[in-house]
Amino acid sequence: MTSPSSSTKAVAEHVSSQSIHVPTEDHDAIKPGRTSHTGARPGFEPLEEGLAPAYDNAQDSDMPPPPDGGYGWVCTLCVFLVNANTWGVNASWGIFLDRYLAWDTFPEATRFEYAMIGGLSISQALLISPVVAASQRYLGTRYTMLLGSFVIFAGLFSASAASRIWQLFMSVALCFGWGMGLVYIPAMALLPPWFSSRRSLALGFATSGAGLGGLAYSLITGRLIAVSGPAWTWRVLSITSLVANVICSLALRESPATTNTNTTTHPRRSVFNPRTLAQTQIILVLCWGFLTEFGYVALWYSLPSYATSIGLVPAQGAVVQAVLSLGLGFGRPVVGYYSDRVGRINMALGMTLFCGVLCLTLWTLARSYAGLLAFAALAGVVSGTFWSTVNPVLAEVVGLADAGTTFGAVCFALVLPTTFAEAVALQLVQGGSPSGATTGSFLPSQVFVGLMFLTGAAALSLLRSWKIDDIERARAQVGGGGGNRRFDEIVGGGGSASVSAVVWWAPQRMFMPKRV
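The sequence shown lines up with residues 38 to 553 when you count with my numbering.
In C-alpha cells, the structure reads:
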C-alpha cells in the first residue's frame, strides 16, 4: 500500500484535531474511536480509497494497538491445538459410527439417532455460549478453558463404558459438546485482538487445526479401534485431549489491546447487549452463518455416504473424507492470508459463492473416484470459510472490544442448523424413509447444500453493501459539506433521511469495487 495522498493527510489532520487516531502506516490496524450518535463511526483503518470506519465501544479510545505478532503467534499455535483437540476429536465420531454399525454394538439404535449424536455434539458446543460468557466474566478465560478441558475428558472417558445408545447421547452429544464450547469459544474470541493486519492469516492458521486434527484423529482412531477396540480408543482420546487442552489453557494470554490500562491481570470484558442482535449488520452475519452451517454440516457428513452410493468401497470413502479434512487444514491459512489483502468481507463472499457453485456443478457431476477426490480437495478449502473468517468479519462490523461477546451470540444462533443439518440431508437422500439405508439419489441433498451456500453469499453481499455505505457515511461526516455532496451524488438520494432509510442496499453499493 502506498503512502497516504495529500487529501488523505488532510482528513487525518482534521480527525487528529478531534482526538481520533487515523493510521498512516502500511497496515490496517484499528485504533477505535467513540461511536457517534449520527450513525457514522470515526474509527478508521486505511483502504484502497480512503478510510473505513470500525465500530467499537466508547471505552476503546484508550486501548493500545494490537501487537500484530509477538506472543500472539504462541496464542495462534495454542488455538490451533485447541481446534485440533476439540473439532478434530469430534471428526473421529464418523469412525466410531462405522464400527458401531458394522458390529451392531447398539441394536436398539437407528441411523437417525447416530446422526443426531453427531449433530448434537456440535450444537451443544454453540448452545452453551451464554454460559461460557458468564463463566469468563466471573472465572476468567483461563479457568473457563480448564473447566472445559476436564468436561471433555469426562465425556470421552465415560463414552468408553457406554452400553446403551442413550449413554452415548449423554457422554458424546451433551458432555463432550459442552466441554468443546467451554474451550473453543473463549480461545477463538481471545485471538483476534492480538493482530491487526495479520488477523485473518492468524485465524486461518488457528482454525486449520480442525481440519488437520480431524485428519490425524481419524487415522489414529481407526488404527486404535482395530488394535484395542472402541472402549480403549475413547480412553486414549480422553487423555490426549485433556493434556493438550490443559497446556493450551495455561499458555493462552489476553492481548494488551483488551487489558485494562490500570492492571495487567483483569481484562476488560464488555457485556453483550441482546439489542445488538437487532442491528442490520449482525442480522446479516447471522443469516450468513445460519445458512452456510446447514450446507457445511450436511456436506461434511454426507460425502462418505455419497462415495458408497456411487459404487466406491468404504475405504475409498474414508480417503475422500481425509482429503476433505486435508483441504480444510491447508485451505484456511490461504483464505486468511488473502483476506488481509483483498478485504475480510470480500474474501468471505467470494469463497462462500464459489462453494455454492462447486456443490451444484462438480459435486453433482462427480461419479468417479478421481472426480470426487477433486471435489473434496476444493470443497475442503472453501466450505469452512465461515469459521475461518467470522471473527475478522465481526471485528470489521462491531469492533474489537465487542467482537468476542458478539461471536458468542452468533454461536448460540447456530444451534438449530448444526443440530438438524445432518438429519435433514439424510432424509433428503432417503426420500423420507426411516430405515436408515444410504442408497438413493443424492441430488436433492446436493442441491440443498449448494443453495444454502449461495443464499449465504447473498447475505454477505448485503453485508458488504452495508459496510461500504458505512464507510461513505464516515467520510461524509469528517469531510464536511463537500463530502456530504459527494455522498449524495454517489447514492443518488435527495437527503440524509432517504440515505439512512434505503440507500445502503442499493445495487451501486453491492457492486462497487472496494476493499472491505
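All C-beta atoms in this analysis are idealised placements derived from N, C-alpha and C, irrespective of residue type, glycine included.
Exercise. What is the DSSP secondary structure of residue 347, counted as helix, strand or coil?
Worked result: The answer is coil: DSSP assigns residue 347 none of H, G, I, E or B.
Exercise. Terminal residues of the continuous alpha helix (DSSP H) containing residue 280?
Worked result: Unbroken alpha helix (DSSP H) run through residue 280: 267-288.
Exercise. So, helix, strand or coil for residue 120, using DSSP?
Worked result: Under the three-state reduction of DSSP, residue 120 is assigned to helix.
Exercise. Using the rule of at least 16 other Cβ atoms within 10 Å of the residue's Cβ for burial, across every protein chain shown, is residue 269 buried or exposed?
Worked result: It is exposed - the Cβ of residue 269 has fewer than 16 other Cβ atoms within 10 Å.
Problem set entry | residue 262 (DSSP reduced to helix, strand or coil) | Residue state, collapsed to three classes: helix.
Exercise. For the candidate residues 234, 326, 435, 457, whose alpha-carbon lies nearest to that of residue 318?
Worked result: Distance from the Cα of residue 318 is smallest, within the candidate group 234, 326, 435, 457, for 435.
Exercise. When you compare each of 238, 257, 422 to residue 130 by their alpha carbons, which one comes out closest?
Worked result: Comparing alpha carbon positions, the residue from 238, 257, 422 closest to residue 130 is 257.
For this session: Under 6 angstroms Cβ to Cβ from residue 397, same chain only, skipping five residues before and after it: list those, please.
Result: The beta carbon of residue 397 is closer than 6 angstroms to those of 487 in its chain, skipping five residues each way along the sequence.
For this session: Indicate the three-state DSSP secondary structure (helix, strand or coil) for residue 553 in the structure shown.
Result: If DSSP states are grouped into helix, strand and coil, residue 553 belongs with coil.
Problem set entry | Test item: CB-CB of residue 365 and residue 421 under 8 angstroms | Taking 8 angstroms as the Cβ cut-off, residue 365 and residue 421 qualify as a contacting pair.
Exercise. So is residue 503 buried or exposed if we call it buried at 16+ other beta carbons inside 10 Å?
Worked result: Residue burial is scored here from C-beta neighbours: residue 503 has at least 16 other C-beta atoms within 10 angstroms and is therefore classed as buried.
Exercise. For residue 550, which option in 494, 380, 461, 441 has the closest C-alpha, if you only look at C-alpha atoms?
Worked result: That would be 380, whose Cα lies nearest to the Cα of residue 550.
Problem set entry | DSSP state of residue 104 mapped onto helix, strand, coil | In the three-state reduction of the DSSP assignment, residue 104 falls in the coil class, being assigned neither a helical nor a strand state.
Problem set entry | Residues of its chain near residue 294, where Cβ-Cβ distance is below 8 angstroms and the 5 sequence neighbours each way are ignored | Result list for residue 294: 100, 101, 102, 103, 104, 230, 231, 437, in chain order.
For this session: Have a look at residue 157 and residue 351 and give me their C-alpha separation to the nearest angstrom.
Result: C-alpha separation (whole angstroms): 25 angstroms.
Problem set entry | Cα-Cα separation, residue 547 to residue 316 | Rounded to the nearest angstrom, the two C-alpha atoms are 19 angstroms apart.
For this session: Please report the Cβ distance between residue 197 and residue 110, rounded to the nearest whole angstrom; I am assuming they are in contact, meaning their Cβ atoms lie under 8 angstroms.
Result: At roughly 36 angstroms, the Cβ-Cβ gap does not stay under 8 angstroms, so residue 197 and residue 110 are not in contact.
For this session: Indicate the three-state DSSP secondary structure (helix, strand or coil) for residue 158 in the structure shown.
Result: Helix.
Problem set entry | residue 388, enclosing alpha helix (DSSP H) - first and last residue | Where residue 388 is concerned, the enclosing alpha helix (DSSP H) stretches over 381-395.
Problem set entry | Whole-number beta carbon distance between residue 428 and residue 225, since they are thought to touch under 8 angstroms | Yes, they are in contact, since the Cβ atoms of residue 225 and residue 428 sit about 6 angstroms apart, within 8 angstroms.
Problem set entry | Cβ neighbours of residue 400 in the same chain (closer than 6 angstroms, five flanking residues each side left out) | Exclusion of the five residues before and after residue 400 leaves 412, 483 as the residues of its chain whose Cβ lies within less than 6 angstroms of its Cβ.
Problem set entry | Burial state of residue 370, where buried means 16 or more other Cβ atoms lie within 10 Å | Under this definition residue 370 is a buried residue.
For this session: Measure the CB-CB distance between residue 389 and residue 493 and report whether it falls below 8 angstroms.
Result: A Cβ-Cβ contact shorter than 8 angstroms links residue 389 with residue 493.
Exercise. Counting Cβ pairs closer than 8 angstroms, one from the region 320-338 and one from the region 453-468, do we hit at least three?
Worked result: Touching, per the Cβ criterion.
Exercise. Going by the CB atoms, is the gap between residue 133 and residue 598 shorter than 8 angstroms?
Worked result: Given that the chain is displayed from residue 38 to residue 553, the structure contains no residue 598 and the question cannot be resolved.
Exercise. Between the region 180-200 and the region 210-225, are three or more C-beta pairs nearer than 8 angstroms?
Worked result: The region 180-200 vs the region 210-225: in contact.
For this session: Check each candidate in 326, 499, 414, 222 and name the one with the smallest Cα separation from residue 445.
Result: Taking only the C-alpha atoms, the option nearest residue 445 is 222.
Exercise. Would you call the region 241-255 and the region 178-189 in contact, with 3 or more CB pairs under 8 angstroms?
Worked result: No: fewer than three Cβ pairs fall under 8 angstroms.
Exercise. Quick one: Cα of residue 553 to Cα of residue 505, how far?
Worked result: Here the C-alpha atom of residue 553 lies approximately 7 angstroms from the C-alpha atom of residue 505.
Problem set entry | Per-residue DSSP class, three states only, for residue 478 | Taken through DSSP and simplified to helix, strand or coil, residue 478 comes out as coil.
Exercise. Is the Cβ-Cβ distance between residue 447 and residue 323 less than 8 angstroms?
Worked result: For residue 447 and residue 323, yes; Cβs fall inside 8 angstroms.
For this session: Please state whether DSSP places residue 191 in a helix, a strand or coil.
Result: In the structure shown, residue 191 sits in a helix (DSSP, three-state: H, G or I).
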